[in-house]
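Trainee: Below is one structure. I have some questions about it.
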Amino acid sequence: MNKRLLIVSPYFPPVNAADMQRVRMSLPYFEANGWEAEVITVDHQYSDLPADDLLLQSIPTPIRIHTVKALKKSLTSKLGLGSIALRSLWFYRQKIKELLSIQPYDLIYFSTTQFPVCILGAYFKKRYGIPYVIDMQDPWFSDYYEDKPKAQRPPKYWFSYHLNKYLEPMAMNSVDGLISVSAHYISDLKERYPAIQDIPSATITFGAFEPDMHLAEQNRDTFPNLLDSTYINIVYIGRGGADMHPAVIPLFKALKSALDQGNEAFKSLRFYFIGTSYAPNGQGKPSILPLARQLDVAESVIEITDRISYYHALITLQQADALFIPGSDDPKYTASKIYPYLLTPKPLLAIFNKASSVINIMKEYGVKQVYDYETVTDANISTFLSSLTNGSPEPPQYHAGAVNKYSAKQMTINQCKLFDSVTGGKN
23 MNKRLLIVSP YFPPVNAADM QRVRMSLPYF EANGWEAEVI TVDHQYSDLP ADDLLLQSIP
83 TPIRIHTVKA LKKSLTSKLG LGSIALRSLW FYRQKIKELL SIQPYDLIYF STTQFPVCIL
143 GAYFKKRYGI PYVIDMQDPW FSDYYEDKPK AQRPPKYWFS YHLNKYLEPM AMNSVDGLIS
203 VSAHYISDLK ERYPAIQDIP SATITFGAFE PDMHLAEQNR DTFPNLLDST YINIVYIGRG
263 GADMHPAVIP LFKALKSALD QGNEAFKSLR FYFIGTSYAP NGQGKPSILP LARQLDVAES
323 VIEITDRISY YHALITLQQA DALFIPGSDD PKYTASKIYP YLLTPKPLLA IFNKASSVIN
383 IMKEYGVKQV YDYETVTDAN ISTFLSSLTN GSPEPPQYHA GAVNKYSAKQ MTINQCKLFD
443 SVTGGKN
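Structure below.
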């Protein structure tokens, strides 16, 4: 008999949010690994993030989805409280109490970057004795921005900093297991909270979910083509920001150097940076194009700050001639977005902080053009770009072992192993 798993994920399809992707990609595989999963999410009408109805087609039909309400953002934003976690917290508490009065669960799993909801784990553990696991897809409380200029800090940083500093220990001091995309996040938490030194923990990245590529291809004609086919298009889709600049600067400098040396072929290259802002569509501020202007390559760079739907992003990656992935200057950063790129058989250039786990993952796959800030050179980048302009890019040939190791199926197996450890082994 399978154990019962209640997954708390405030964002869920059709909402197009990065932090629900682990749950969505894991749902098809939980049952085969001994867990009957249910999801409790915030009704999408209370979200201000874009929707992508195609995401619903990837959800197995037997999965039970429970929804909760949230306070309307139009009301709470007047008090400076726009977070869906804070707006839904009371409704989550009531709904989980209702579910527990009807049937037992063996484990509650918080998989979200809307971290304030995680304090409910401690509440329900104390009241009902139910263990809980938290999935750290990002840091919760972090001092990363403390030494950064105010212009680089997120909106309402002061409030978030102090709220997170207050709430994180409420959830962490009682947590029974940790999953994280980065080993650094787990080590930081165990150092900060001695009470959880010995709890089960596992570093589990997001996985590659191949069914998404087929679903995107089936709906290719429903999405507008954002790329200009008269050029050779190199595409990056994901957030921008000043922390990405150390990875982008070498690319722009190599491009500028080649153009200054009279390499006319490089004028046929167009670099797209799409979905670079988390701001509502139409309100995003460019963070890459100003850098391109500063380095005098703006004519070759197109930045679209508006986010596009998940499957539109997959199709756009497929339509590109080549792909570029820049990493953050945060050494603890790991990019969950790398797997759609790896599922797209296109020439790929990646530049990351040398401490990022992404470099080793890509090397395991067999990606040849992956560099850190210190090792990348103009020659490395020029060779990659020249292969595009010469019409002779080397097609990727990924190692089968890595493809299986980092699949969504295997990542779900890894999650379930940790769940079994927390709850006392397999059935």
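Position 364 of the sequence shown, counted from 1, bears residue number 386 in the numbering used here, the numbering being contiguous throughout. A virtual CB, placed ideally from N, CA and C, is assigned to each residue, including glycine.
#1: For residue 395, tell me which candidate among 324, 120, 351 has the shortest Cα-Cα distance.
#2: Which residue comes first and which comes last in the beta strand (DSSP E) that contains residue 373?
#3: Leaving out five residues on either side along the sequence, give the residues of the same chain with a beta carbon under 6 Å from the beta carbon of residue 433.
#4: To which residues does DSSP link residue 90 through a beta bridge?
#5: Buried or exposed: residue 124, going by 16 or more other Cβ atoms within 10 Å of its Cβ?
#6: Which class does residue 393 belong to by DSSP, given the choice of helix, strand or coil?
#7: If you reduce the DSSP assignment to three classes, tell me which class residue 449 lands in.
#8: Near residue 337, which residues of its chain fall below 6 Å by C-beta distance, leaving aside the five closest residues on each side in sequence?
#9: Less than 7 Å separating the beta-carbons of residue 274 and residue 211?
#10: What are the boundary residues of the beta strand (DSSP E) that residue 325 is part of?
#11: So, helix, strand or coil for residue 255, using DSSP?
#12: Work out the CA separation of residue 326 and residue 428 for me, nearest whole Å.
#13: State the DSSP-derived secondary structure class of residue 143, mapped to helix, strand or coil.
#14: Give the range of the alpha helix (DSSP H) segment to which residue 406 is assigned.
#15: Tell me the DSSP secondary structure of residue 423 in three-state form.
#16: Under 7 Å between the Cβ atoms of residue 27 and residue 59?
#17: Out of curiosity, what's the CA-to-CA distance linking residue 303 and residue 24?
#18: Across the segment 390-406 and the segment 436-446, are there enough close Cβ pairs to call them in contact, namely three or more that are closer than 8 Å?
#19: What do you reckon, are the CB atoms on residue 203 and residue 159 nearer than 7 Å?
#20: Is the Cβ-Cβ distance between residue 369 and residue 415 less than 7 Å?
#21: For residue 372 and residue 259, which I take to be in contact (beta-carbon distance under 8 Å), what is that distance rounded to the nearest angstrom?
Mentor: Straight from the coordinates:
#1: 351
#2: 370-374
#3: 226, 229
#4: 64
#5: exposed
#6: strand
#7: Since pLDDT at residue 449 reaches only 49, below the 50 mark, its modelled position is unreliable, and the value read off the structure follows with that caveat. Reduced to three states, the DSSP call for residue 449 is coil.
#8: 238, 242, 245
#9: no
#10: 323-326
#11: strand
#12: 30 Å
#13: helix
#14: 400-411
#15: helix
#16: yes
#17: 43 Å
#18: no
#19: yes
#20: yes
#21: Incorrect: roughly 14 Å between the Cβ atoms, too far for contact.
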